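Report on the following structure.
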Amino acid sequence: MKGVLVARLDNMTEKKNAAGPQDSQRVPRLVSPGEDLGDLEGYEVGHGVIAIDGRIRATKNGQTNVNGTTISVEPRRTAYMPRPGDLVIGFVEGCTNNIWFVDIGAPFNAILPMSLGPAKADFGGTRSVIDIGEAILCRVQEVEETHSSVVTMKGMGLRKIRSGAIEVIDPHLLGRLIGKQGQALRQLKEESECRVIAGENGRLWIDGDFEGTLEVRTRLRSMTAEAKAATPGGVA
Amino acid sequence: MSIPLVPQLLRSHLKELADNDQRLDGRNQYQGRDLELEVNVLANAEGSARVRMGDTIVFAGVKFQTMTPYPDRPNEGGLMCMAEVRPVAGRQHEAGPPSAASIELSRVVDRGIRESGCIDTAGLCIIPGEKAWQVILDLFAVSDDGNLFDAFALAGIAALRNAVIPQEKFEIGEDTPLVVSKTPIMCSYQRVGGRFVFDASGREELGGDERIHITLGDDNHVHSLQKGLKGAFTATEFTELMAEARKKGDELRKMVHALEGGN
Amino acid sequence: MGYGDVQMIDANGIRNDGRKAGDVRPISIELGVVPVADGSCRMRWGNNDVIAAIYGPMEAHPRKIQRQDRAVLDVRYNMAPFSTSDRIRPGFNRRSREISKVTAEALESVVMLELYPRSKIRVEIEIICAEAGTRCVGLTAASIALADAGIPMTDLIVSVASGKINDVVVCDLNKSEDNYGEADLPMGILPNTGELVFLQMDGDLSPDEFQEAWDYNMNAAMVIHEYCVEALKTGRYPQ
């Protein structure tokens, strides 16, 4: 067991005071949950922060970001939360006579009603249209607190995924994968000669010949490794 | 969900990969993942090891207890192997009593070590008919990304070979190393996309079919075999796997021996 | 309860492991130690070795545990069979069940559960090696793991136990001090406000001794919090 500096009463740092909040600058920096980010006065709370008793506090581990008057924390990792309009790749986990339950990698499954599905089936024939274990490209239609989100397959390009491979990356790496105005993703598609569709839920559909798919997968692996090494807190 | 969902797309993609002699992570058919093996990692165990194979991470701990010998074997002690895959090891592992799969895992790893005879239970006798040592090997999964079988088997034998009988604590004498006369090594092969591969990763396991576990001793004697899950294999396939298991077994055995201090 | 004749602190105020009364045992922290989990933390504290892993937020199964207004925290504290000097038989354990419950209740006080209604967050705390204060290490490690997983919390939780040995109040009991001492006071503290979310006590402390043990815990928590923050920034503490 490697020895490290032990906490002694006589060398406790003065900086932290359990009794009250601290002042801090608005310079971007790494923060952890509970850290005080200053007075609420004149600011709005964005993602990853909360206002308590007139002060702003970080609720996530990540980098602070001030955009106009909105303060937020960009976390290293975050669960996917569906929003209406999101393009997502889902796996069908179950079904009843007229709805499918779809795993979209969110805190709760989505439902796909027969009326929003790819085709009509006889009542009870749900599995002949989309079977359990199949993957679909769909769009989030609505998200409401009291029931599951609803996805739809009515829309351009939405379909059952019949070929290719599905890879998963952390949703927060999507920005890096897609690049400015989609540049990086376009380049990847060209070089691998594959169709690559990125779902907002961090799932990617790669469709192309076998070598191209391998190339995309290798690129994803190195991108994830780079991100881990570069970002604070990322340990392999 | 206690039974993991197997996206159908995964299976067809694995088939395409296999047809082109490729695997999801770029490995060769019989190539294992990056492997780390450490021993003496648990301060309260009398023998211990940690194994990392890719993102699969397990611990093995050896504890000694005294027991009353069985009446029909008055001069022998005992060996018990228990494997636990707790919810910590994966999203698919839920709390509750052990599943049939994890019981099979436990028993297959136990047989691999026990049947090799590497622990002579007669040598564990303290007072004939009254007291003997019970060696308890606990295998603990921290992260499950496939092939817990081989990870457990490797950690288990490494822990045993570095174990010290705590005679001082029990006031029986001086601490002495546990005598382990062999180094049985398990190699597991799973049919993925139509052909057998070594050291299946989590996704390969999810989309794969039957498995074969082969435990060989130092002299390539066969100590235990198990075929699991649905599917059939040919004698030719099996012969090839045995040859691979011998090669890989030698390699892993050397790795275990390299870590031994006083043994 | 107290074993007054076991000498654990000498006339110069040095404890049997070389520490002074206010010293905390050596601590190291590492993130991402369970690669398949959504967040994880390994914390070594003295000879304690604890792994905490987080899965979720995910669909809450079975349906009956689901809550419409918030996520549920499913917390499991468990000691591995080889974690203690005498082997622990795997299986249901009443002590672990109680610790799981009070740990869950502490974490529920800071995790912003209302952001994930109808879902569940699994917190798996495994004691790989035990040396007094495992519940404190477990709770602290769990809070770091939750932060690693990106689960929003109003604060981290730092937990530490002080007590009394040979009539002297000391900070962060080790194994023999916990076994032979006269009191044990574990606390779970929110570093940014000084509020408590976890509190247990057993033994015998006078009002003054109680205040002393309380203050030791509060002060130690502030220093340990800095280690946690550094670990969250860079992935490990110490570097």
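Chains as they are written, first to last, in my numbering: chain A, 1 to 236; chain B, 1001 to 1263; chain C, 2001 to 2239. We put the CB at the ideal spot given by N, CA and C, even for glycine. In this text the structure is predicted, and so the values were computed from the model without any measurement.
Straight-line Cα distance separating residue j from residue i
i: Thr1066/B; j: Ala1153/B; result: 24 Å
i: Gly1217/B; j: Gly1249/B; result: 8 Å
i: Arg55/A; j: Leu40/A; result: 5 Å
i: Glu1052/B; j: Pro1007/B; result: The amino acid occupying residue 1052/B in the given sequence is Arg; Glu does not appear at that position. Arg1052/B and Pro1007/B: Cα-Cα distance of roughly 27 Å.
i: Arg1203/B; j: Asp1145/B; result: 8 Å
i: Ala2060/C; j: Ser2143/C; result: 21 Å
i: Gly2194/C; j: Asp1021/B; result: 60 Å
i: Gly2039/C; j: Leu116/A; result: 35 Å
i: Ala184/A; j: Glu226/A; result: 15 Å
i: Ser2100/C; j: Cys2136/C; result: 12 Å
i: Cys1118/B; j: Ala2037/C; result: 36 Å
i: Lys2233/C; j: Leu37/A; result: 16 Å
i: Asp2204/C; j: Asp2178/C; result: 13 Å
i: Tyr2115/C; j: Ala2080/C; result: Correcting the residue identity first, residue 2115/C is Leu in this sequence and not Tyr. Taking the straight line from one Cα to the other gives about 33 Å.
i: Leu173/A; j: Asn2166/C; result: 56 Å
i: Leu1160/B; j: Leu1124/B; result: 14 Å
i: Gly2032/C; j: Cys2041/C; result: 6 Å
i: Ala51/A; j: Arg57/A; result: 6 Å
Among the options, nearest to residue i - alpha-carbon criterion
i: Asn2047/C; options: Glu2114/C, Lys2175/C, Asn2217/C and Gly2138/C; result: Lys2175/C
i: Asp2069/C; options: Glu44/A, Gly46/A, Tyr80/A and Glu144/A; result: Glu144/A
i: Asp45/A; options: Gly175/A, Gly85/A, Asn67/A and Lys120/A; result: For the sequence presented, residue 45/A should be read as Val rather than Asp. Here the closest residue by C-alpha is Asn67/A.
i: Leu1014/B; options: Val1192/B, Lys1247/B, Val1041/B and Ala1243/B; result: Val1192/B
i: Gly85/A; options: Ala165/A, Met223/A and Met156/A; result: Met156/A
i: Asp170/A; options: Gly199/A, Gly208/A and Ser192/A; result: Gly199/A
i: Arg1023/B; options: Val196/A, Glu215/A and Asn65/A; result: Glu215/A
i: Pro107/A; options: Asp2204/C, Met2187/C, Leu2113/C and Ala2053/C; result: Leu2113/C
i: Ile2014/C; options: Ser2206/C, Ala2213/C, Val2168/C and Val2033/C; result: Val2168/C
i: Pro2062/C; options: Ile2054/C, Tyr2055/C, Val2072/C and Leu2115/C; result: Val2072/C
i: Ala1243/B; options: Phe1059/B, Ala1089/B and Asn1220/B; result: Asn1220/B
i: Met1080/B; options: Ala1245/B, Thr1215/B and Trp1133/B; result: Trp1133/B
i: Val2170/C; options: Ala2080/C, Trp2045/C, Ala2053/C and Phe2210/C; result: Phe2210/C
i: Cys194/A; options: Lys160/A, Thr213/A, Leu173/A and Lys154/A; result: Thr213/A
i: Ile1101/B; options: Glu1205/B, Gly1032/B, Arg1246/B and Val1222/B; result: Reading off the sequence, residue 1101/B comes out as Ala, not Ile. The shortest C-alpha separation from Ala1101/B is found at Glu1205/B.
i: Arg1011/B; options: Ala79/A, Lys120/A and Ile166/A; result: Ile166/A
i: Arg76/A; options: Thr2134/C, Asp2172/C, Ala2053/C and Ala2149/C; result: Ala2149/C
i: Lys154/A; options: Leu112/A, Ala51/A, Gln187/A and Ser222/A; result: Leu112/A
i: Ile1212/B; options: Thr1121/B, Gln1226/B and Ser1201/B; result: Gln1226/B
Enclosing beta strand (DSSP E) for residue i [first to last residue]
i: His1223/B; result: Val1222 to Gly1228
i: His1213/B; result: Arg1211 to Leu1216
i: Gln1134/B; result: Lys1131 to Ser1143
i: Lys160/A; result: Arg159 to Ile161
i: Ala2130/C; result: From DSSP, Ala2130/C is part of no beta strand (DSSP E); its letter is neither H nor E.
Neighbour-count burial assignment, residue i, 16 or more Cβ in a 10 Å radius
i: Ser163/A; result: exposed
i: Thr247/A; result: A query on residue 247/A cannot be resolved here, the shown segment of chain A reaching from 1 to 236 and no further.
i: Gly2181/C; result: buried
i: Phe123/A; result: exposed
i: Pro42/A; result: Going by the sequence as given, residue 42/A is Gly instead of Pro. With fewer than 16 other Cβ atoms within 10 Å, it is exposed.
i: Tyr1070/B; result: exposed
i: Lys1230/B; result: exposed
i: Asp23/A; result: Caution is warranted here: a pLDDT of 41 is assigned to Asp23/A, below 50, making its placement in the model unreliable, and the coordinate value is therefore given only provisionally. When all chains shown are included, Asp23/A counts as exposed.
i: His1257/B; result: exposed
i: His1093/B; result: buried
i: Cys2228/C; result: buried
i: Gln141/A; result: buried
i: Gln1190/B; result: buried
Start and end residues, alpha helix (DSSP H) containing residue i
i: Gln187/A; result: Gln183 to Ser192
i: Asp1110/B; result: Ala1100 to Arg1114
i: Arg1253/B; result: Ala1235 to Ala1258
i: Pro2207/C; result: Pro2207 to Thr2234
i: Lys1015/B; result: Gln1008 to Asp1019
i: Leu1160/B; result: Leu1148 to Arg1161
i: Leu2073/C; result: It is not in any alpha helix (DSSP H) - Leu2073/C instead sits in the beta strand (DSSP E) that spans Val2072 to Met2079.
i: Ser2162/C; result: First-last for Ser2162/C: Val2158 to Ile2165, but that is the beta strand (DSSP E), not the alpha helix (DSSP H).
Proximity test, Cβ basis, 8 Å: residue i and chain D
i: Glu2059/C; result: In the displayed structure, chain D is absent; the protein chains listed are A, B and C.
The ligand NAD heavy atom lying under 7 Å from the CB of residue i
i: Pro2186/C; result: Judged by which ligands are present, the structure shown has none, so any question about the ligand NAD falls away.
Is the segment 2115-2126 of chain C touching the segment 2075-2090 of chain C in the sense that three or more CB pairs, one from each, lie closer than 8 Å? yes
Are the segment 200-216 of chain A and the segment 78-97 of chain A touching, with three or more C-beta to C-beta distances below 8 Å? yes
Taking three-plus beta-carbon pairs below 8 Å as touching, is the segment 1183-1202 of chain B in contact with the segment 1225-1237 of chain B? yes
If contact is defined by three or more beta carbon pairs under 8 Å, each pair taking one atom from either stretch, is the segment 1098-1110 of chain B in contact with the segment 1139-1155 of chain B? yes
Would you say the segment 2017-2029 of chain C touches the segment 2083-2092 of chain C, given that touching needs at least three Cβ pairs under 8 Å? no
I'd like to know if the segment 2194-2205 of chain C and the segment 2150-2170 of chain C are in contact, where contact means that at least 3 CB-CB pairs between them fall below 8 Å. yes
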